[in-house]
C-alpha cells in the first residue's frame, strides 16, 4: 500500500507553472551544464588557456623561433639569457628558446599519440575483459598484472634498447606500456554498467553483443576515460622526460624537453638556465593537463560540490 | 504568502504537554538556479506521547523539515521561524546545547540503516556510544546498555549480536538496531525518517510493531516522516500532510482519512490501490508532478494539478492559508475546503477526472470530450462557462471552452458538482 | 583469511614468471643478433672481447628454448650469474644495492605517510579554505614536476648555492652519493650521513606524497558526506569526534590500497632519484647496467624488484581486507 509518484500523462508533464515560466525540469543538454561548471573552475580554465597557447606555439613554431634547432652561434656556449637569446644558449651554442619552442611540437606529438595508443589498447582490452568477463576477463587482467609487475622504467628501457632511439619508438613504448590503467578503469566501468537494466533490455531486443557493447555501454564508460586521458597526456610528457633523462629518449638534435634537462645536468652550477627553461616548460605543461583533468572530473560529477 | 501560523491554533505556550513547537519555519538551499524553498512556512506542535505523521510526496519538504529540527543539514539556510523545544529555540541555541539535545532528548531514526550505520564499528559499539556521550557510561556499561536495547527491540541473542557488524544483519534487524540506538537514552521525542521505506513489506510490519511497543515502553513522542499512508493508518494519532514545502492539511488520523478536506489529500487517498479492486481497473493518480520549489505556481501551489481548481479565480491568485475547517483542530489550506465535505474517496475513484483529459492552454482549460463516453460521470468544479457553449463531442481548445457532463444531456449545466 | 593470503601469494609466481620471461624474450627474440644486442645494443659497435664472452656464457648457438630453460633453471636456484663487466656475483651486487635502496625508501615512506595523510585530511576538513586551495595547487604542482627536475632544483638550492655563497659547514647538504656507513637501527643515519640522505629522501617522497594527499583528500571528502556521519552527529557527538572516530577509519581504507599502487610509481621515481643523486641503490644500478648492456645484473636486479613489488601488493591487499570488516568477515548476511 504505498503511494509513489503518480505517473503523469505526457501532456501534463512539466506543466506546473501556468504562467509559462521556463520549466526547470526540462533537461538541458549535458554538455552545456558540464561546460558551465568547468568554466567556473579557475584553475582548470588557466590550464586550458595554457594548453591552447602551447598548441599555437607548436603550430607556429617556425614563425616564433628566431633560430633553428641546430644553429649554433659560435663562441657563445652556455650564455645566460640575453636579448639575442631569450633563454640563453646551451652547451654547444644553440639557442635554448628556439629549442624549447620546437620542443613543444615534440612533446605534444609524443604526448597525444602515445596517449591515443594507450587509450585504444586499453579500451579494447578493458571492454572485452569487462564485457565478457569469465576466463577471458581474468586472463586479460592477469596480463595487466604482468605489465604492472615490471617497473615501467625497466620495461621502457629494455624495449628502447632493442627498438632503438627515436621519437617514434618512444611513442610506441610509452603507448604500449601505458594501457594498463585505462584497461582497469574501462573494465570496472563495463562490469558495473553491464548489469544495468537498459543493457538487459538491449540484449533482449536481440542486439548483437558488440552492438550492445559499443552503442550502449561505451558512451557511459567514456567519462572516466576522458578524464584519465587528459591527465595521461601530462604524465606521458613526464615519462618521456624521464626516459630522455635516463638516456633512451629521442636522439640529437630533437629538442625533446626531457633531453634538454638531461643535458643540463652537468652544467647545473654555471649555467642553470639550461635546466630551468625546459624544466619549466615541462612543469607548466603537465600542470595544465592536471588542472584540466581535475576540472573535467569536477565538472562531470556534480555531487563533488 | 500565506500566514504560517494557523489563526485558530490550539493553545500552545501555556500547554505543558507540548514538547516541540515549530513556528513559521522557512528554510531552503541556495543553488545555481535560485533558492530552493524546501520548507516554506511550516508550523506544528508535538505533544508528549503522541505520534504525529508528516506525509507527502518526494520533494514536499518533509525530510528537510525533520532534519532541521536537529540541525543535521549544514547546507540548509533558515530564513525565518522558530523551533521551540520545551520553550527553548533550537535555532538560536549554541552548538553545545544542541549537541546535548541530540540523542539525549531528541533522537533520530534514519531511512536506510545500511548506510546510516558505520560499517567499521560493531553494532554494540554504535548503540553504546549514545549512552557514553550522554550519560558518561564506561565501555563495559555501555555495552550492557546496548545489549539491553537490542533485547528490547526484539533481536535474538543480543549478547553476541552486539559484537557483530552492520553488514552481518538483515535489513529489518538493522533497522531495529537503529531504533535500539535511538532509544538508548530514553529520549522524549523520536524522529523517524521513512523508517520502513528501505524494507520489504513483510518486514515493515514488524518494525512498525517495534516502534509502537517502544513508544509505550519509554513514553516518547514520535514524529513519523513517510509517504506511505498505510503506515500512517496503523501508527499515527495525528497527521500533517505537506505539499510543496508547507502543510496543507492537519488533523487526527480519522479526520484525514474519513473527512478529508483538501483535494491533494483526497487525491492521495484515491490513488491507493485497494484489496477489493478488480484486477483490471486503472489506478487513479494525481496527474502532473510536484512543482519546482524555486519558482512555485502563483496562488495555491497545488492548483495546476487540482481537479477542483477554479481557474481563473482565487485558486491561481490567492495563496490559501491553513485554517480551521472542521472540528476542533482540523485544518486545511484550501479556499473551498468546506465543499469537499460532499466528496468521498469512492466518488473520486469512480468518476472520470476531467482534468486528466485536459490541457492547460494560456491558463484556461480546454477539454477533449471525445475521450469521454456517454454515461461517464465527472467531477468538475464550478467553472465559468462562456456564452458559446460547444455541443458535446466538439472541442475547441483554442478558445478554451469547457464542457460539462453528464454527456447525455443536451447542453451544459452550470454549477453542477456531480458526486 | 589465511586461504586468501595463500592464494594471493601463489598468484605471484605466474605473474613473476611471465614478466621476467617477457623481458628475457625482448632481449633474445627481437630483431638482431642477440649476442650483438647484449654486447653492444642496437646501435653501438661491438667489442669483440665482450661479444665472445657473451656468446660463451649464454650459449647462443643453442636453440632458444634451451637457452630459456637454462636461464630459468639457474634462476630458480637463485643463481643469478655474474656481471659481464666486473664478473662480480650478481647476488653480492644485489645485496649491497638493496640495502641502500631500502634505507632511502623507508625514509621516503615515512615522509610520505606523515605529510601526505595529514595534508590530505586537513584539506578535506577545511574544504575551500585558503589552506585547501594552496594545498591543491601545491600537490598538483608536485605531481607535475619531473622527479629529477625536483632533485636538481633541491640540489641547486640547498647544496650548490650554499657552497657558492659560502654557507657555514653545518648548513650544507650533499648532493651526490652516499655518506659514511654510519647507520643505527639499520635505517637511522648518524653523523654526516643525514646530509647525504635528506635531499634524495625528500625528492623521492615528493611525487608519492602529492598523490597520497590528493587521494586522502578525495576519500575523506566522500566519507564526510556519508550517512553514518550524519547519524553520528545526530547522537550528539562533536564534529571533531565525528571526524576522528567515525570518519577516519573509513577514509583510510582506499588510501591503503593507494599506498600499494603507489609503490609501483615509487619504484620508478626511486630509479630516477637514485640516478640524480648518485645514490648507490638498485635503481641507479639498473639504469647503468642497461646502459652497459650488463644483462645478468639487469635481469637479476629486475627480478628482485619485481618480486618485491608483487609481495608488497599482496601485503596491501591483505591489510585492506583486514581493515574492512565487510571483506574480512565475508558478506555473510544472517536473518
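Residue numbers (my numbering), protein chains in the order written: chain A, 373 to 677; chain B, 734 to 1152; chain C, 40 to 374.
Where is the CB? At the ideal position from N, CA and C, for every residue including glycine.
Here the structure is a predicted model, which means the values were calculated and not measured.
Residue 188 of chain C and residue 651 of chain A: beta carbons closer than 8 Å? Here residue 188 of chain C refers to the residue found at position 149 of the third chain. Here residue 651 of chain A refers to the residue found at position 279 of the first chain. A contact, by the Cβ cut-off of 8 Å.
Output yes or no for whether 8 Å exceeds the beta carbon distance between residue 336 of chain C and residue 115 of chain C. Taking the first residue of the third chain as position 1, residue 336 of chain C is located at position 297. Taking the first residue of the third chain as position 1, residue 115 of chain C is located at position 76. No Cβ-Cβ contact shorter than 8 Å links residue 336 of chain C with residue 115 of chain C.
Can you grab the Cα-Cα spacing for the pair residue 357 of chain A / residue 349 of chain C, in whole Å? An answer regarding residue 357 of chain A cannot be provided, because it is not within the stretch 373 to 677 covered by chain A.
Label residue 750 of chain B either buried or exposed according to how many other C-beta atoms from any shown protein chain fall within 10 Å of its C-beta, with 16 as the threshold for buried. By one-based count along the second chain, residue 750 of chain B stands at place 17. Exposed.
At the level of alpha carbons, what is the spacing between residue 633 of chain A and residue 422 of chain A? For the purposes of this step, residue 633 of chain A is identified with residue 261 of the first chain, where counting begins at 1. For the purposes of this step, residue 422 of chain A is identified with residue 50 of the first chain, where counting begins at 1. Taking the straight line joining both Cα atoms gives about 21 Å.
So, helix, strand or coil for residue 854 of chain B, using DSSP? Your numbering for residue 854 of chain B matches position 121 in the second chain. Coil at residue 854 of chain B, not helix or strand.
Anything in chain C within Cβ reach of residue 522 of chain A, meaning under 9 Å, just list it in chain order. Stepping through the first chain from its first residue, residue 522 of chain A is reached at position 150. Per Cβ cutoff of 9 Å: 58, 59, 61, 62, 341, 344, 345, 348.
Could you spell out where the beta strand (DSSP E) holding residue 789 of chain B opens and where it closes? Looking up residue 789 of chain B in the second chain gives position 56. Careful: residue 789 of chain B lies outside any beta strand (DSSP E) and carries neither H nor E.
Could you name the residues of chain C that residue 976 of chain B contacts, counting a contact when the two beta carbons are closer than 8 Å? Within the second chain, the letter at position 243 stands for residue 976 of chain B. By Cβ distance, chain C contributes nothing, its closest Cβ being about 26 Å from residue 976 of chain B, past 8 Å.
With a threshold of 8 Å between beta-carbons, can residue 925 of chain B be considered close to chain C, or not? By one-based count along the second chain, residue 925 of chain B stands at place 192. Closer than 8 Å: no.
Is there at least one Cβ from chain C nearer than 8 Å to residue 762 of chain B's Cβ? If you number the second chain from 1, residue 762 of chain B lands on position 29. Closer than 8 Å to the CB of residue 762 of chain B there is not a single CB belonging to chain C.
With DSSP as the reference, label residue 1066 of chain B as helix, strand or coil. Your numbering for residue 1066 of chain B matches position 333 in the second chain. Assignment of residue 1066 of chain B by DSSP, reduced to helix, strand and coil, places it in the coil class.
is_contact[residue 913 of chain B, chain C] using C-beta, thresh 8 Å: Stepping through the second chain from its first residue, residue 913 of chain B is reached at position 180. No, residue 913 of chain B lies away from the interface with chain C (no Cβ there is under 8 Å from its Cβ).
Do residue 604 of chain A and residue 413 of chain A have their C-beta atoms within less than 8 Å of each other? Indexing the first chain from 1 puts residue 604 of chain A at position 232. Indexing the first chain from 1 puts residue 413 of chain A at position 41. No, they are not a contact pair.
Taking one C-beta from the region 443-451 of chain A and one from the region 753-772 of chain B each time, how about it: are there three or more such pairs within less than 8 Å? Using a Cβ-Cβ distance cut-off of 8 Å, the region 443-451 of chain A and the region 753-772 of chain B are not in contact, since fewer than three pairs of beta carbons, one from each stretch, lie closer than that value.
Any Cβ of chain C within less than 8 Å of the Cβ of residue 808 of chain B? Indexing the second chain from 1 puts residue 808 of chain B at position 75. With 8 Å as the cut-off, residue 808 of chain B does not count as an interface residue toward chain C.
Between the C-alpha atoms of residue 835 of chain B and residue 819 of chain B, what's the straight-line distance to the nearest angstrom? On the second chain, residue 835 of chain B is found 102 positions in, with the first residue counted as 1. On the second chain, residue 819 of chain B is found 86 positions in, with the first residue counted as 1. Residue 835 of chain B and residue 819 of chain B: Cα-Cα distance of roughly 14 Å.
Helix, strand or coil for residue 506 of chain A? Go by DSSP, reduced to three states. Counted from its first residue, the first chain places residue 506 of chain A at position 134. The three-state reading of DSSP puts residue 506 of chain A in helix, counting H, G and I together.
Any idea if residue 1010 of chain B is buried or exposed, counting beta-carbon neighbours within 10 angstroms, 16 or more meaning buried? Counting from one through the second chain, the residue named residue 1010 of chain B turns up at place 277. Residue 1010 of chain B comes out exposed.
Give me, in chain order, the residues of the same chain whose beta-carbon lies closer than 6 Å to that of residue 409 of chain A; leave out the 5 immediate sequence neighbours on both sides. As a first step, residue 409 of chain A must be located in the first chain, where it is residue number 37. Hits under 6 Å: 671.
Buried or exposed: which applies to residue 991 of chain B, given that a residue is buried once 16 or more other Cβ atoms fall within 10 Å of its Cβ? Sequence index remark: in the second chain, residue 991 of chain B carries index 258 (1-based). The residue in question, residue 991 of chain B, is exposed, as its Cβ has fewer than 16 Cβ neighbours within 10 Å.
Would residue 998 of chain B and residue 974 of chain B be called neighbours here (beta carbons separated by less than 8 Å)? Reading the second chain from its first residue, position 265 is the one you call residue 998 of chain B. Reading the second chain from its first residue, position 241 is the one you call residue 974 of chain B. With respect to residue 974 of chain B, residue 998 of chain B sits close: the two C-beta atoms are nearer than 8 Å.
Environment of residue 1002 of chain B [buried if 16+ CB atoms lie within 10 Å]: In the second chain, the residue the question calls residue 1002 of chain B occupies position 269. Buried.
Give a yes or no on whether the C-beta atoms belonging to residue 483 of chain A and residue 609 of chain A are separated by under 8 Å. Here residue 483 of chain A refers to the residue found at position 111 when the first chain is read from its first residue. Here residue 609 of chain A refers to the residue found at position 237 when the first chain is read from its first residue. Yes. Within cutoff.
Answer yes if the region 636-655 of chain A comes into contact with the region 514-524 of chain A, meaning at least three C-beta pairs across the two stretches below 8 Å, and no otherwise. The answer is no - the region 636-655 of chain A does not touch the region 514-524 of chain A, with fewer than three Cβ pairs under 8 Å.
Measure the C-alpha to C-alpha separation of residue 1052 of chain B and residue 953 of chain B and round it to an integer number of angstroms. Sequence index remark: in the second chain, residue 1052 of chain B carries index 319 (1-based). Sequence index remark: in the second chain, residue 953 of chain B carries index 220 (1-based). If you draw a straight line from the Cα of residue 1052 of chain B to the Cα of residue 953 of chain B, it comes to about 36 Å.
Do you know how far the Cα of residue 310 of chain C is from the Cα of residue 525 of chain A? What you label residue 525 of chain A is simply residue 153 of the first chain in a count that begins at 1. What you label residue 310 of chain C is simply residue 271 of the third chain in a count that begins at 1. Their backbone Cα atoms lie some 8 Å apart in a straight line.
Would you kindly work out how many angstroms separate the C-alpha atoms of residue 159 of chain C and residue 347 of chain C, rounded to a whole number? Translated into positions along the third chain, residue 159 of chain C becomes position 120. Translated into positions along the third chain, residue 347 of chain C becomes position 308. When rounded, the distance between both Cα atoms is 28 Å.
Let me check understanding here. Comparing Cα to Cα, which of B:905, B:1063, B:807, B:863 lies closest to residue 709 of chain B? Missing from the structure shown is residue 709 of chain B; chain B here goes from 734 to 1152 and no further.
Determine whether the Cβ of residue 351 of chain C lies closer than 8 Å to any Cβ atom of chain A. Numbered from its first residue, the third chain carries residue 351 of chain C at position 312. At least 8 Å separates the CB of residue 351 of chain C from every CB of chain A.
Chain C contacts made by the region 820-837 of chain B, where a contact means CB separation under 7 Å: The residues in question are 832, 833, 835, 836, 837.
Under 8 Å, Cβ to Cβ, is there at least one residue of chain C near residue 649 of chain A? Position 277 of the first chain, counted from the start, is the residue given in the question as residue 649 of chain A. No Cβ of chain C is located within less than 8 Å of the beta carbon of residue 649 of chain A.
Among residues of its own chain, excluding the 5 on either side of residue 355 of chain C, which ones have a beta-carbon nearer than 7 Å to its beta-carbon? Your numbering for residue 355 of chain C matches position 316 in the third chain. Same-chain partners within the cutoff: 295, 296, 298, 299.
So within the region 885-953 of chain B, which uninterrupted alpha helix (DSSP H) runs reach at least 4 residues, ignoring any that extend past its ends? Positions of the alpha helix (DSSP H) runs, each at least 4 residues long and wholly inside the region 885-953 of chain B, are given as 891-894, 904-916, 934-951 in order along the chain.
Using a cut-off of 7 Å between C-beta atoms, extract the partners of residue 195 of chain C located in chain A. Looking up residue 195 of chain C in the third chain gives position 156. Simply 640, 644.
Taking only three categories from DSSP, how would you classify residue 43 of chain C? To locate residue 43 of chain C, count along the third chain from 1; it is residue 4. In this structure, residue 43 of chain C counts as helix in the three-state DSSP scheme.
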